[in-house]
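This report refers to the structure that appears directly beneath it.
Residue numbers (our numbering), protein chains in the order written: chain A, 1 to 275; chain B, 276 to 569.
Written out as structure tokens, the structure is:
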């Protein structure tokens, strides 16, 4: 009796979740397969003929292959800023967890402030112009590092706290030089939380729309999220191309999701269950 | 595991303070310094090249112009609606997904995946789906005899339609946070409740809900901050329209920036900063203090 109720409940849940969460994605895929006149109807219908390849070619070649430039830019920003984040946040998290000084209070306050306070946009632009960073890829990378450091530091500090201090001392007694303790012993042990950091931050930075919109203007600097925004007006009547574009930029997060589902969830729920 | 102090002044430390330095430089230069600068520039008329001190004129304007006041109200409403829906739906879905329901893995994946998808992509997709006559949502409603509203064209509805899409995209995160909280509750409590003859409802109200308080605190804090700061979804879907009906402080900041009113835009930043401060800080303190008493 109970078993049957749970099966009925399960079927209802599957049907409900399918309508609410899956159909929008099927809609995107169907639209990407359609030709221009059919996509203009914007209805949920089977594509007449498969035009995905034509659409892809057109999306990629428009405006001097802007899509390729954008993918390269986004990849560069994501990879470099995540690398910096991992190294810098691990260093801070390590010392923060190990050394009890009066500075700790201040640092923890700054971490919380970084999580809460919205960045002051125009003063940042003004400062970046002064530092010759505005509208450059390396400027954008440093911005992503600055904005995402607090979250990464929290993840690392919590993890370092679970590694016994005795390990550091044993290494010192065995003749490790001070810096070796971090770079050769602790950093490799942080690998699980580093994976979490990499996947969570790269999805966030790859999907970032607001910050490139402000700090990285110009067509040669476009990131993938901005292509979508730029094409939104250009493709006003070409919904097939617009949705092909959406499909294209959904693929990288989908791949990450398929391979690192567990780490993403672990990273995003960190801190939710403190004892 | 108490260990001996490892301070050794003569040789380089194992925990060098300079490890803070690279992170501190980037963070101070690109986040802290602009935040402090904003406190000054919000009091000026500013062209990026020179600034004229005008006192609190920008803030006065923020509370005088009807469309700016509406933006402020919208921001709060948006944060309240999205975070409360995420709490209720996230908790419900988490309960469902921790019960022994069939196809649990599939359901978890499907609910969570939108969290990882581009916000702008989601926004554009739902703008098409919410079209009053040609959109799939209203066509679907027509099939069962309901005349759907103009989700994004009705000024009274636009903000809440965007908020619904925000919930669609973000409820997966709330759900996984609640799942993590629920599985951490020791079985003994339910065992004791069962022996005492508790009903399912009493179980939920007296065991599950109080013991998943850390998860609730996290969900509320995260979604409240996110809701107050929201920009990309609004910009992708309505650009604050129709009129100013779905403007929020973040979209006002962008519009004033585009229009070249840098001082006013920066004042918007400070307003948002203060808004988050006076709502989120007491909220977090309240949620965490209660937790200590349980």
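Think of the CB as a built atom: it goes at the ideal place given N, C-alpha and C, for glycine as much as any other residue.
- Residue contact with chain A for residue 498 of chain B: absent (no Cβ-Cβ distance below 8 angstroms to any residue of chain A).
- Here residue 288 of chain B is not bridged, per DSSP, to any residue.
- Note that the C-beta distance between residue 483 of chain B and residue 505 of chain B is not below 8 angstroms.
- For residue 321 of chain B, DSSP records a beta bridge to B:326.
- Between residue 217 of chain A and residue 548 of chain B a beta carbon distance of about 24 angstroms is seen, past the 8 angstroms cut, so the two are scored as non-contacting.
- In this structure the stretch 103–113 of chain A does not touch the stretch 193–212 of chain A; the number of beta carbon pairs closer than 8 angstroms is below three.
- In the DSSP assignment, residue 510 of chain B falls within the alpha helix (DSSP H) that extends over 507–512.
- A distance below 8 angstroms between beta-carbons, with the five flanking residues on each side excluded, links residue 392 of chain B to the following residues of its chain, in chain order: 444.
- For residue 43 of chain A, the neighbours in chain B by C-beta distance under 8 angstroms run, in chain order, 409, 411, 414.
- In chain order, 387 place their CB closer than 7 angstroms to the CB of residue 451 of chain B, counting only its own chain and leaving out the 5 sequence neighbours on each side.
- Look at residue 462 of chain B here: in three-state DSSP terms it is helix.
- Taking a beta-carbon distance threshold of 8 angstroms, residue 120 of chain A counts as an interface residue toward chain B.
- Between residue 395 of chain B and residue 495 of chain B, the CB-CB gap reaches or exceeds 8 angstroms.
- Identification of residues in the stretch 186–211 of chain A having a C-beta nearer than 7 angstroms to some C-beta of chain B yields 203, 207, 209, 210, given in sequence order.
- Taking the Cα positions, residue 516 of chain B is about 30 angstroms away from residue 45 of chain A.
- For residue 530 of chain B, the uninterrupted alpha helix (DSSP H) run begins and ends at 524–533, by DSSP.
- Using a Cβ-Cβ cut-off of 9 angstroms, residue 371 of chain B is close to 9, 13 of chain A, given in chain order.
- With respect to chain B, the C-beta atom of residue 91 of chain A has a partner C-beta closer than 8 angstroms.
- Within chain A, no C-beta atom comes nearer than 8 angstroms to that of residue 473 of chain B; the closest sits roughly 18 angstroms away.
- Not flagged as an interface residue toward chain A: residue 478 of chain B, since no C-beta distance is shorter than 8 angstroms.
- A distance below 7 angstroms between beta-carbons, with the five flanking residues on each side excluded, links residue 456 of chain B to the following residues of its chain, in chain order: 487, 489, 490.
- For the pair residue 134 of chain A and residue 215 of chain A, the CB atoms are nearer than the 8 angstroms cut-off.
- In the three-state scheme derived from DSSP, where H, G and I count as helix and E and B as strand, residue 168 of chain A is classed as helix.
- Secondary structure at residue 101 of chain A: coil, using DSSP grouped into helix, strand and coil.
- Bounds of the alpha helix (DSSP H) holding residue 361 of chain B are 341–373.
- For the stretch 17–37 of chain A, residues whose beta-carbon sits nearer than 9 angstroms to a beta-carbon of chain B comprise 17, 18, 19, 20, 21, 22, 23, 24, 25, 27, 28, 31.
- Of the candidates B:561, B:538, B:555, B:563, B:538 places its Cα closest to the Cα of residue 123 of chain A.
- Counting only Cβ-Cβ distances below 9 angstroms, residue 532 of chain B has contacts in chain A at 121, 122, 125, 214, in chain order.
- Residue 325 of chain B and residue 121 of chain A do not touch by the CB rule: their CB atoms are close to 19 angstroms apart, not below 8 angstroms.
- At a cut-off of 8 angstroms between beta-carbon atoms, residue 134 of chain A makes no contact with chain B.
- Between the C-alpha atoms of residue 169 of chain A and residue 159 of chain A there is a straight-line separation of about 18 angstroms.
- For residue 396 of chain B, the neighbours in chain A by C-beta distance under 7 angstroms run, in chain order, 228, 246, 249, 250.
- In the three-state reduction of the DSSP assignment, residue 262 of chain A falls in the helix class, which pools H, G and I.
- In the three-state reduction of the DSSP assignment, residue 439 of chain B falls in the helix class, which pools H, G and I.
- For residue 245 of chain A, the CB contacts under 7 angstroms within the same chain, skipping 5 residues up- and downstream, are 59, 227, 228, 231 in chain order.
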